[in-house]
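Note sheet for the following structure.
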Amino acid sequence: MSLNIDNLWVINIAGLEIWITETIFNTWLIMFILILIAIIARIKLKNFDEVPKGFQNIIEAIVEIFDNFAVNTLGKKLSYIAPWYFMVFVFVYSSALFSVFGIRAPTADWATTFALAFATFVLMLSMGFKHQRGEYLKSFFGPHPIFFPLNLIGELAKPISLSFRLFGNMLSGTIILTLYYGLTPLLVQFGIPALLHAFFDVIVGAIQTYIFVIISLMYIRNAAE
Amino acid sequence: MESLASVIGVVHIAAAIALSNGILTTFGQSRIVAQAIESIARQPEAADDIRSAMFVGLAMAETSGIYGLLIAIIMLFANPLINILVNLL
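Protein chains in written order, with this note's numbering: chain A, 1 to 225; chain B, 226 to 314.
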């Protein structure tokens with residue numbers, strides 16, 4: 001763990017430098033593990049029984065909890081976008097959990113969180129235009145056309161505040177743990193950091209993931225209704 | 226060299242000032258939680274709705290604190306002004 005995001009390799013493709021940073025490597029590592037779990041779940045899906053037990057129980061419980069959560073926040077009509085946010089939820093939370101093992105969380109890089117928040121922004125605009133058509137465009141001109149710049153800034157600030165919120169929380173945990181590892185003698189680096197990891201990675205990670213997803217869903221609901 | 230040192234000192238003071246907006250942020254968050262606990266005590270059957278609304282409100286109130294933290298971090302680790310000053314010297 002370190003404060004800076006290290007650069008692992010530089011790949012040259014036709015004179016174009018592509019920097020493979022720690023963030024990209026960790027993102028692909030987490031993606032690989034998640035895809036592996038998904039493939040295992042897909043293979044096991046064939047011999048799922050009517051009465052769930054064991055592995056099937058866990059998978060069904062997770063999917064059902066998230067489905068209920070999405071229907072509650074989005075309403076039945078819009079809940080077809082729930083799978084994307086399930087993916088975001090699992091990715092963001094597992095990246096927070098993996099930082100327990102000393103892997104720098106990909107969400108402690110603004111590029112990752114901005115990509116996720118920008119996806120929310122695009123989804124919000126497209127859902128607004130899909131479900132409200134002209135009405136959505138009219139909502140930008142607020143109570144009076146003079147409010148258009150204010151409304152535009154308000155909309156553009158959404159992905160920025162959404163991404164900064166997650167980024168700031170994850171980065172602060174990373175910085176505090178790096179300072180702890182860097183400043184204390186080796187003697188107290190066993191056992192005690194577990195408490196710090198439990199708070200800054202597991203608890204704060206869970207709360208921030210929940211907040212990221214629920215605020216994204218609220219933006220989308222506001223735009224589409 | 227002296228001017229660089231004084232700029233770095235000012236940057237650290239500015240980072241500390243930027244972080245001090247955490248006082249008001251924490252105050253606002255404490256009010257949200259106090260109100261939420263009061264409502265839950267009054268209506269325990271609505272606890273789930275109140276709790277989710279409380280978390281969203283806490284996140285909204287936290288935004289300004291996070292902005293202050295990011296400004297402090299940018300000033301300390303990625304300050305563009307120091308590069309300009311180093312180029313000038």
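Backbone N, C-alpha and C fix where the C-beta goes; we use that ideal spot for every residue, glycine too.
A quick note: this is a predicted structure, and the numbers were derived from the prediction, not measured.
Membership of residue 12/A in the beta strand (DSSP E) is indicated by the continuous run 7-13. Per DSSP, reduced to three states, the secondary structure at residue 21/A is strand.
Here residue 314/B carries a coil assignment [DSSP, helix/strand/coil]. Contact of residue 295/B with chain A by beta-carbon distance below 7 angstroms involves 164, 168.
With respect to the C-alpha of residue 141/A, the residue from 153/A, 90/A, 45/A having the closest C-alpha is 153/A.
In the three-state DSSP reduction, residue 3/A falls in the coil class, being neither helix nor strand. Fewer than three pairs of CB atoms, one per stretch, sit closer than 8 angstroms, so the stretch 169-188 of chain A makes no contact with the stretch 37-46 of chain A. Counting only the Cα atoms, residue 41/A lies some 42 angstroms from residue 255/B. Shown in chain order are the members of the stretch 174-204 of chain A whose Cβ falls below 8 angstroms from a Cβ of chain B: 175.
Within chain B, the residues whose beta carbon sits less than 9 angstroms from that of residue 171/A are 294, 295, 298, listed in sequence order. Contact annotation, residue 160/A with residue 106/A: C-beta distance approximately 19 angstroms; criterion of less than 8 angstroms not satisfied. Against chain B, the CB of residue 207/A has a partner CB under 8 angstroms away; the residue lies at that interface.
Residues are counted here when their Cβ sits less than 7 angstroms from a Cβ of chain B; for the stretch 132-161 of chain A these are 161, given in chain order.
In the three-state reduction of the DSSP assignment, residue 244/B falls in the helix class, which pools H, G and I. Taking the C-beta atoms as reference points, residue 223/A is found nearer than 8 angstroms to residue 136/A. Residue 244/B is a Cβ neighbour of residue 297/B, given a cutoff of 8 angstroms. Residue 81/A places its beta carbon 8 angstroms or farther from that of residue 284/B. Distance check between residue 165/A and each of 147/A, 196/A, 17/A, 116/A places 116/A closest, using alpha-carbon atoms only.
Residue 258/B does not reach chain A, its nearest Cβ partner there being about 13 angstroms away, counting only Cβ pairs nearer than 8 angstroms.
Under DSSP, residue 156/A shares a beta bridge with no residue.
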